[in-house]
Structure formats: C-alpha cells, structure tokens
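So the working numbering is basically just the index in the sequence shown, starting at one, shifted up by 1.
Encoded as structure tokens, the structure appears first; notes follow it.
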Amino acid sequence: MAADRARIDIAVCTRDRLHRLRTLLPALVTIAHRRPGTRVLVVDNGSCDGTGAWLADQAAREPLLVALAEDRPGLYHARTCAIAASPAEILLFLDDDVGVAPGLLDGIDDLFADPAIGVVGGSVEATSLAGLPPWFPRRFLSALPVIPLSAAIEDCLYPRYPIGACLAVRRHPSLSLYLAPERSRAALGHGAEGPAGQAAVGGEDTDLCEIYARAGLRVVRSARLRVTHPLHPERLTPAWLMEQQAREGRLRVRLARLRGKRALCRETAAILLTLPALVALRPLAALLPAARGVTLRARLAKSLGAWAEMVGGPRHLVLPYPARR
Numbered sequence: 002m003a004a005d006r007a008r009i010d011i012a013v014c015t016r017d018r019l020h021r022l023r024t025l026l027p028a029l030v031t032i033a034h035r036r037p038g039t040r041v042l043v044v045d046n047g048s049c050d051g052t053g054a055w056l057a058d059q060a061a062r063e064p065l066l067v068a069l070a071e072d073r074p075g076l077y078h079a080r081t082c083a084i085a086a087s088p089a090e091i092l093l094f095l096d097d098d099v100g101v102a103p104g105l106l107d108g109i110d111d112l113f114a115d116p117a118i119g120v121v122g123g124s125v126e127a128t129s130l131a132g133l134p135p136w137f138p139r140r141f142l143s144a145l146p147v148i149p150l151s152a153a154i155e156d157c158l159y160p161r162y163p164i165g166a167c168l169a170v171r172r173h174p175s176l177s178l179y180l181a182p183e184r185s186r187a188a189l190g191h192g193a194e195g196p197a198g199q200a201a202v203g204g205e206d207t208d209l210c211e212i213y214a215r216a217g218l219r220v221v222r223s224a225r226l227r228v229t230h231p232l233h234p235e236r237l238t239p240a241w242l243m244e245q246q247a248r249e250g251r252l253r254v255r256l257a258r259l260r261g262k263r264a265l266c267r268e269t270a271a272i273l274l275t276l277p278a279l280v281a282l283r284p285l286a287a288l289l290p291a292a293r294g295v296t297l298r299a300r301l302a303k304s305l306g307a308w309a310e311m312v313g314g315p316r317h318l319v320l321p322y323p324a325r326r
C-alpha cells in the first residue's frame with residue numbers, strides 16, 4: 002500500500018434488508034480489492050431475515066469482509082459497533098441501499114490530505130427521478146435522501162451537516178465521545194428506543210458531525226465522493242412526508258436540548274413561532290396547486306412536531322462535546 006494512503010474501512014449498518022445487501026456487497030468488495038488496506042464491515046442490527054447467516058457465509062469466503070452483529074436496535078448502536086471494531090484511519094459509512102461505482106474512493110485521499118478536515122459527506126444522487134410523484138415538492142428531496150452536489154468541496158455548519166448515506170470520518174480522539182454513555186441513553190438514530198420511551202427521531206449524523214466541528218475540525222461535503230440512492234416510490238405518499246417532517250421538527254428541538262441549549266433558541270425559533278400562521282393557512286392547502294399545498298401541510302407538520310417535542314420531549318440529558326476551539 003502506498004505510504005501516503007490512509008487505511009479505510011467501509012461500514013454498512015443493516016437490518017432485515019438482505020435483498021439489498023446481495024446487490025451492494027459485491028460492489029463494495031470489488032472496491033476494497035482495488036485499494037489495498039480497505040475492508041468492508043457490515044453490522045447486522047438484529048435482522049430476522051437470515052442476514053446474519055448469509056453474512057457469516059460471505060465473510061468465510063471473502064477475507065476483506067468483516068461480519069459484525071449488534072443486537073441493540075438502532076442505527077446509533079450499529080454505528081458504534083463498527084467504530085469499535087475498526088482501527089482504520091478513515092471510516093466511511095454507507096446506507097445499505099445505495100449504489101456505488103468502482104471509483105468511489107478515488108478522491109478520498111485528496112479530501113483528507115488537509116489535516117483540518119474531520120468529516121467528508123458525499124453527493125447522494127437519485128438513481129432516477131422518474132418515479133417522483135407530481136405532487137412531491139422538490140424542496141424535500143433531501144428527505145428521500147437525495148442531495149446532489151456539484152462543488153469539489155464546501156464547508157458545512159450546524160444544522161446543515163452532511164447525511165449518513167455517504168459519510169466519511171477521520172479517526173480522531175474526539176470520536177471517543179460518540180461512544181459516551183450519554184449518547185447510548187439518548188439513542189439518536191432510526192430504529193432505536195428513545196430515552197424514557199420517547200420516539201427515536203434520528204439525528205445521529207448531525208451529532209457526529211457536531212463532535213468534529215466542536216473539536217475544531219472542518220466538516221465538508223464534496224461531489225468527489227458520490228453514491229446513488231433509489232427513490233422507493235412505494236413509500237412516497239403525503240402521509241409519509243408529513244411523518245418525516247414531524248420527526249424533523251422533533252429532532253430540531255431534541256438536538257437543541259441535547260446540545261445544552263433551550264428548546265426555544267435561535268435554531269428552533271422559526272419552526273416553533275410560525276405555528277399560528279401555518280394553522281391559519283391550513284384550510285387553503287386544498288385550494289393550492291398540489292406541490293404548494295403539500296409544502297404548507299409539511300411545514301405545519303414540522304412545527305407541530307417541534308411543539309410536541311418541546312412540551313413532552315426528554316429534558317435532562319445533555320451530550321458531551323469537545324470544548325470549542
């Protein structure tokens with residue numbers, strides 16, 4: 002392996018998606034073989050569809066594949082399993098339903114050549130937009146998630162951090178904070194049971210990026226790191242979008258509290274304080290063009306979610322972060 006090339010582990014967390022792994026895993030193994038020192042870590046997060054047995058069989062055949070198991074449900078717990086198992090200098094997290102090209106890692110050395118960069122998020126492009134319903138507002142493509150990038154590099158600030166569908170992090174002492182007991186109790190990440198029975202709302206990607214940002218490292222996005230993502234048209238309904246936006250509203254308030262801020266702060270004020278106006282405008286949604294009506298309803302769902310979290314969300318847990326530099 003070239004002396005100037007960092008060792009990379011590619012980590013995929015999965016649960017009951019064996020049909021997707023059968024497509025993704027061969028492509029990742031091909032990428033790993035193209036770059037010496039690269040491994041593929043797959044964390045089975047309590048699957049019931051035979052994923053564990055299939056992964057064990059594949060790992061017995063392929064030395065670059067590492068099969069891991071994490072029984073605690075939730076993406077956060079699965080990711081901590083991968084972090085604990087990886088000694089690599091760079092850890093690249095991928096969703097289990099992305100598409101990858103053989104040159105996925107071609108630009109990663111250049112991106113991390115700057116020692117000030119701690120996190121790199123990639124471009125997440127739609128496999129095809131042909132299945133997008135006409136009522137779906139393009140402003141919500143990031144919820145799918147579809148976030149195409151064009152810039153070679155751009156810095157990111159809270160809360161607009163890269164998403165976990167394609168997210169590379171540098172091995173750094175501050176990464177140990179991601180494994181802190183407080184984060185295990187907060188249970189950010191889909192599929193988990195939240196604190197005191199509260200619904201999990203995601204946010205593990207934002208939290209991970211915030212750790213690096215507070216440690217004084219750059220969090221960036223780059224079109225040089227690229228994956229594709231299917232639309233899953235079977236779930237693209239107005240009800241799904243309303244639920245997703247309600248979770249986003251809850252997440253903004255929960256993250257504010259977990260970061261040691263008040264629920265009503267600059268980061269959440271616009272979401273919370275627009276509720277009266279959105280309620281008043283709600284009857285007009287049916288009279289607007291479909292996409293505009295859905296946008297109005299989605300903004301209302303987000304505000305209602307934020308208020309639900311403000312009133313009933315967990316209040317007494319603050320996550321540890323590095324002292325700002």
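Cβ atoms here follow ideal geometry from the backbone N, Cα and C, with glycine treated the same way.
Fill in: For I109, the three-state DSSP class (helix, strand or coil)
Helix, per DSSP.
Worksheet item: Just the Cα atoms here: how many angstroms apart are L232 and R80?
Response: 24 Å
Discussion item. Can you find the residues in the same chain that come closer than 8 Å, C-beta to C-beta, to R300, ignoring five residues on each side of it along the sequence?
Written reply: Q246, T275, L279
Worksheet item: In three-state DSSP terms, what is C167?
Response: Note: C167 maps to strand in three-state DSSP.
Worksheet item: Between the region 219-236 and the region 114-130, are three or more C-beta pairs nearer than 8 Å?
Response: Three or more Cβ pairs drawn from the region 219-236 and the region 114-130 lie within less than 8 Å of each other, which places the two stretches in contact.
Worksheet item: In terms of residue numbering, what span does the beta strand (DSSP E) encompassing S223 cover?
Response: 219-230
Worksheet item: Does the beta-carbon of A287 have 16 or more other beta-carbons within 10 angstroms, so that it is buried, or is it exposed?
Response: By the neighbour-count rule (16 or more Cβ atoms within 10 Å), A287 is not buried but exposed.
Item to complete: Determine the burial state of A240: buried for a count of at least 16 other Cβ atoms within 10 Å of its Cβ, exposed for fewer.
Response: exposed
Worksheet item: Alpha carbon to alpha carbon, how far is V41 from L282?
Response: 50 Å
Fill in: Collapsed DSSP secondary structure at E71 in the structure displayed
Look at E71 here: in three-state DSSP terms it is coil, with no helix or strand label.
Worksheet item: Can you give the Cα-Cα distance for L69 and A57, rounded to whole angstroms?
Response: 9 Å
Practice prompt. In angstroms with no decimal places, state the Cα-to-Cα distance between D98 and H230.
Written response: 7 Å
Item to complete: Spatial neighbours of E310 within its chain, please: CB distance less than 6 Å, with the 5 preceding and 5 following residues excluded, ordered by chain position.
Response: Excluding sequence neighbours, E310 sits near R251, V254, R255.
Worksheet item: Quick one: is S177 buried, meaning 16 or more other Cβ sit within 10 Å of its Cβ, or exposed?
Response: With fewer than 16 Cβ atoms within 10 Å of its Cβ, S177 is classed as exposed.
Practice prompt. Quickly, what does DSSP pair L252 with across the bridge? List them, please.
Written response: L252 pairs with nothing; no bridge assigned.
Worksheet item: Starting from E90 and walking both ways along the beta strand (DSSP E), at which residues does that stretch end?
Response: Note, E90: premise wrong, no beta strand (DSSP E); not H, not E.
Fill in: Extent of the continuous alpha helix (DSSP H) run through A60
Taken as a continuous stretch (DSSP letters only), the alpha helix (DSSP H) holding A60 covers 52-62.
Fill in: Three-way DSSP call (helix, strand, coil) for S151 in this model
coil
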